[in-house]
Structures are given as C-alpha cells and as structure tokens.
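Enquirer: Next up is a structure, given as structure tokens.
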Amino acid sequence: MTPRQINRLLPSLTSPTLRAWQARCIETALQRLSDQRPHFLCQATPGAGKMLMAAVLAEELILNGSIDHVIYLGPTSAVMERARETFSQILGRPMQGRLGDIGIALTYQALSFRLEDLKQLCRQGRVLLVWDESHHAAGATACAAKNAYTSSAATGANQWGLALLALERDVRFTLALSGTPWRTDGSCLPMLRYMAPSHEDASASEPSVPTLPSADSDRLALIPDFTYLLRDAIQDDVCRTPQIYLIDNDDIRLVAEQQAQRETLYYQSIPALLRHPGVHYAALLRHPGPQQHLLDVSCQRLRQLQEKDPTAAGLVVASNISHAEDIADCLKQMGQTVCLVTSQTEGAHARLEAFRYGHTSWIVSVNMVSEGIDIPRLQVCCYLSHIRTEQYFRQVLGRIIRRRHAQDDVCYFYALNESTLRHYAYRLFDDLPDEHAAIQLDSFSSPTLPAPIVYPATDSIASNDPGTCGELPTIDMHGAPHAQAPMSECVSFSEGVREITLDLANDVAFSNAFLARLVSL
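Each residue of the sequence shown is one higher than the last, beginning at 1166 in the working numbering.
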C-alpha cells in the first residue's frame, strides 16, 4: 500500500498537524496493512493522541481507495462520543451509521445488538474496524499457535471478544488501540500476534519491543506493530513527567484486647500494617484520617498549580459510588468546587463536557474517568480506589499526563503506600528517561519537598485481600465525645500531638495521625 505524499508535520488549513510519533505510526500502518496482514496494534501511552492518529489513518486509507467505511468501538459512551466527534471532523462526514455516513461509532456493549447490521455493512463495502482500549476484549484463554494471529482461537473469549471475532471475518482491516494492551485475567486479545518472548521481531517499529502479559506468559507475549512509551512521550514533550507520592506512616500502634488483656503492636509502615489479618486496604481507604490527608495534600498541590494556571484541575478516583459521594461532600466542606460523575449521575456525559471546558477544581468519579477520557487540564490525581492492578493504575495515571503547554511539564499522583501500588510505580521507571527516574522520601508533615534521593523498594507485596468497602466505622477523636461502638483492637498513627482513632466493625480500630513516605518519579 502506497501512502500519499503529504507532510502532516507542517501546519495546514485542510488537515491537522500531527505529532512526529503519530506520523510514524500512520506511515508504518500504511506500509504493513494488507490482505495477508490485516490487523495492526498501536500501543501508545495514555495521553499521547491515539484517537487523532486513528482518524487520520482512516482518512489516508479512504483517500488511497483501501476502505469505504469506518467502524469505531469504545468502552464507554463518553469515550465513544469523543471518538465520533474526532472521526467526523477528520473525515468530513458523520459517524452516526445513517445513510450516506462514513461509518458508525458504538460502545462494546452495543456491538452484540448491532452485529448483524454491521456484518451487512462490511459485506457491502470495505471497512476499517477501530477497536479502542482493546484490552476489554478477551479472545482466548490460551494462544494455540505461535507466530500466528489468534482470531481462530475463541476458547475462553468473553462476549465482546466473540463479537469482534465474528465481525472480523467481514472487515478488511482492524486497528487496535491501547496504552495497556493486556488483560488482568491472563487471556489473549483477539486478532493480535503472540510470540515467544525471546523471539526477535525484525519488523518491529522500535528497536526493542516490550514483553507484555499474555495468556501464557511463560511461552507467549503480545507483539505490538507500533509502540510509543511514556519515556518517548516525555522526551518529545507530549506527556508530563509523573511524580508519585505514596503516603505512609512510620509510627503505627495496634492495641489488641485478648482474654481481657491489652497488647500493643507496633508497625513502621502501612504495608506492614496491612499484613495484619484484620486490616484491609479497602477499609483503610475509607478511614477519615488517611483519606483526609490525601485530600489535603492533593488540594495543596492543586492550589499551587492554580496560582500559575487557574484552569488546572484534579481528579479523585473513589472505590464506589457512596465513597465518591462522601469524598465530594468532604471537598465541598474544604471550600473546593467539585463535579461528581458516576454511572448513576444523570447527564453524566454533559457533566464531563462541562468540566472539560470549565473552571471547576475537582472531578470525583469511580470508573468513568479511568480510561479514554481526554481532559488535559487535569494535573493532580488523588487515588482512593480499592483496585490494585497495574492496568488500572496506569490508566488512571494517564488521565493527568497529557500536556497542554510548555509550563505544565509535571503531574502529581497521590495514593497510600500500598506495596502493589509502589511496585507499579517502580515499574514506570522502564518507561521514563533516566533523568526523571528519581525517588524521594519525605515526612508527611514537611511543608516542602526534598531533593531526590535513592529509596529502594524492599517491602514485599502485601497478600491480604483488598476486601470490599462496607459501612464507615465510628470515629473517636481525642477531645471529641467518645464513640460507643465496641472495640477490641486499635491502631494508632502518630503525627505530633494530633491523633484520630477509628473503630472498624471487624474488631479493628485505627488511630490515624500520619507521617508519609513520598515516592516521586
């Protein structure tokens, strides 16, 4: 396939200006896509601009006479609407699926209901299928053959994967987009190439291809056709450098009552505390002490940013809807302007759009702002979700790394110092330039940040189950009326003279006055 001779790196009145990586990816796709190799995977870091790249590639394929229509699939209505807007703008025709339209944009949920209509469209013309956030589709629990596409292996595929495989038979080309192209359940993505990790793919677009988790990670790894990692995006001034602050405590006391005797246990970190069978990470997130402090430091950081850029904003990711509502109320009590968006929010898409272009300081959500949502003014994230997977961690981080101008080169991510989250933070080093790979250790109460020092990750990963968020336990503050709930264990965190005690229904109570360990990239 011969690409048109056009330099999209230069400003044009009729076409968008592409970033260098987008132009390279389009060029690579135009050279590789063929009837013999119809599937293309672009792995690009969140915030890099995958959607625009996909729309311009679709335009090139149409102008080259390779395709007639485009089908876009996305994970949520908000992501799908943004894609529809982008594709319609670039292609110059609507993406509503009506007569005369260039194509259609749908969510994965709607795919199975429109499958027969889409098959008919594919049989009547040549179609490019763009499946965004491709990790949502499972193609198989095991890849049957090496050095081959997995479209024929449907064992273990989920509903979306099966629908994609059924549609794939009739489309001409497919374009998979993801910043995290793997599934936490270990299954393969449909239609993509998996090879032995030691296999050198001579046709890879980059000097080294990252080994990604697969259905059988000991044998096979996913091979992207084009990769653009966070390291590349920071060097190109496309993405911000993330600084990750993991809040910890080095003076924790657990008072346990056993057989009418009280025993005091001491812990020097939250990971150590979480090894106690009665202490669960999800419950700790609902404790007003650590939650309030995470919100305090996040708000302090956002205020600093807003002194230079009044439109800078922050994101809080909650564990569930009731948790999100509590956090929104807390932020309002702190004098912050807040937009609450959950799956139960009426007019959620309109709220997202209003926040995108408005001046509200904070948006609080559960999953609706975790992937595919483009709000470049987000620069601070307070992570209070119970989800601890690397995929989700990177997706949320991706909401705050998209740069707008030369002065916003850093973003800030705040979370508790939980061992798995810290492990994921260190793995980001693989994607960061050497000059940015620094880690800091700081006191929770320090007013300023220290210079970077080396802080090795030595704690083992906590094995306790994250549990589920139940009712908030009663709180006993020193100087406040004592709660009447029964208490058999108490955990105390020390910070100066301030001390808070929290009683949990499962015989554990926390006293929460923190020091903090700060991890910064």
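We put the CB at the ideal spot given by N, CA and C, even for glycine. From a predicted model like this one, the values you see are computed outputs, not experimental measurements.
Leucine 1496 to proline 1475, Cα distance in whole Å?
Expert: 18 Å
Enquirer: Looking at the structure shown, is glycine 1454 part of a helix, part of a strand, or coil, going by DSSP?
Expert: helix
Enquirer: What separation, rounded to the nearest whole angstrom, lies between the Cα atoms of histidine 1588 and arginine 1559?
Expert: 12 Å
Enquirer: Output the boundary residues of the beta strand (DSSP E) element that contains threonine 1339.
Expert: 1338 to 1343
Enquirer: Evaluate contact between the segment 1398 to 1413 and the segment 1567 to 1581, counting only Cβ atoms and requiring at least three cross-stretch pairs below 8 Å.
Expert: yes
Enquirer: Going by DSSP, which residues form a beta bridge with phenylalanine 1391?
Expert: Cys1207
Enquirer: Let me check you understand the geometry: is the CB of cysteine 1404 closer than 7 Å to at least one non-hydrogen atom of the ligand ADP?
Expert: Of ligands this structure carries none, so the ligand ADP is not represented either.
Enquirer: DSSP on histidine 1364, reduced to helix/strand/coil?
Expert: Any reading at histidine 1364 must be qualified, since the residue scores a pLDDT of 46, below 50, and its modelled position is unreliable; the value itself is stated next. Secondary structure of histidine 1364 (DSSP, three-state): coil.
Enquirer: According to the Cβ coordinates, are threonine 1507 and serine 1530 closer than 8 Å?
Expert: yes
Enquirer: Indicate whether lysine 1284 and leucine 1332 have their beta-carbon atoms separated by less than 8 Å.
Expert: yes
Enquirer: Using only the alpha-carbon positions, how far apart do proline 1638 and tyrosine 1446 sit?
Expert: Note that proline 1638 has pLDDT 26, beneath the 50 cutoff, so the model's placement of it is unreliable and no number is given.
Enquirer: Whole angstroms is fine: what's the gap from serine 1231's alpha carbon to threonine 1554's?
Expert: 39 Å
Enquirer: Starting from threonine 1585 and walking both ways along the alpha helix (DSSP H), at which residues does that stretch end?
Expert: 1584 to 1592
Enquirer: From Leu1329, Val1235 and Asp1390, pick the residue whose C-alpha is nearest to that of leucine 1286; which is it?
Expert: Comparing Cα positions, the closest option is Val1235.
Enquirer: With H, G and I counted as helix, E and B as strand and the rest as coil, what does DSSP make of glutamate 1472?
Expert: helix
Enquirer: Under three-state DSSP, which class holds alanine 1386?
Expert: In the structure shown, the three-state DSSP call for alanine 1386 is strand.
Enquirer: Contact check, aspartate 1395 vs leucine 1593 under 8 Å by CB: the rounded distance?
Expert: Just to set this straight, residue 1395 is leucine in the shown sequence, not aspartate. Sure, about 7 Å apart at Cβ, within 8 Å.
Enquirer: Would you please state the rounded distance, in angstroms, between the beta carbons of methionine 1218 and glutamine 1254? I believe it to be under 8 Å.
Expert: At roughly 14 Å, the Cβ-Cβ gap does not stay under 8 Å, so methionine 1218 and glutamine 1254 are not in contact.
Enquirer: What residue from Tyr1557, Val1444, Leu1271 and Trp1347 has the CA that sits closest to alanine 1328's CA?
Expert: Leu1271
Enquirer: Is it buried or exposed for serine 1584, if we count other Cβ within 10 angstroms and need 16 for buried?
Expert: Counting of Cβ neighbours within 10 angstroms places serine 1584 among the buried residues, the total reaching 16 or more.
Enquirer: Using DSSP with H/G/I as helix, E/B as strand and the rest coil, what is arginine 1358?
Expert: strand
Enquirer: What is the residue span of the alpha helix (DSSP H) that arginine 1427 lies within?
Expert: Run containing arginine 1427: none in the alpha helix (DSSP H); it sits in the beta strand (DSSP E), 1426 to 1432.
Enquirer: Quick check on arginine 1189 - is its C-beta less than 8 Å from some C-beta in chain C?
Expert: Absence of chain C from the displayed structure is noted, only one protein chain being present.
Enquirer: On the DSSP letters alone, give me the boundaries of the alpha helix (DSSP H) that alanine 1219 sits inside.
Expert: Run containing alanine 1219: 1215 to 1228, per the alpha helix (DSSP H) assignment.
Enquirer: Rounded to a whole number of angstroms, what is the C-alpha to C-alpha distance between serine 1468 and valine 1545?
Expert: Note on residue identity: the sequence assigns arginine, not serine, to residue 1468. Their Cα atoms are separated by approximately 10 Å.
Enquirer: So what's phenylalanine 1578 in DSSP terms, helix, strand or just coil?
Expert: strand
Enquirer: Rounded to whole angstroms, what is the Cα-Cα separation between arginine 1688 and arginine 1184?
Expert: This structure does not reach residue 1688, given that the chain is present from 1166 up to 1686, and the question cannot be answered.
Enquirer: With three or more C-beta pairs closer than 8 Å as the rule, is the segment 1431 to 1449 touching the segment 1533 to 1541?
Expert: no
Enquirer: What separation, rounded to the nearest whole angstrom, lies between the Cα atoms of leucine 1330 and asparagine 1414?
Expert: 49 Å
Enquirer: Please classify histidine 1524 as buried or exposed, where buried requires at least 16 other C-beta atoms within 10 Å of its C-beta.
Expert: exposed
Enquirer: At which residues does the alpha helix (DSSP H) containing proline 1436 begin and terminate?
Expert: 1435 to 1438
Enquirer: Quick one: what does DSSP say tryptophan 1296 is sitting in, helix, strand or coil?
Expert: strand
Enquirer: Excluding the 5 residues flanking alanine 1477 on each side, which residues of the same chain have their C-beta closer than 7 Å to its C-beta?
Expert: Counting only Cβ-Cβ distances below 7 Å, and skipping sequence neighbours, we find Leu1467, Leu1470, Gln1471, Arg1542 and Gln1544.
Enquirer: Going by DSSP, what residues sit across from proline 1407 in a beta bridge?
Expert: Cys1576
Enquirer: Can you name the start and end residues of the beta strand (DSSP E) that threonine 1272 belongs to?
Expert: 1268 to 1272
Enquirer: Quick check: what's the CA-CA separation for methionine 1687 versus glutamine 1400?
Expert: Since the first and last residues shown for the chain are 1166 and 1686, residue 1687 lies out of range.
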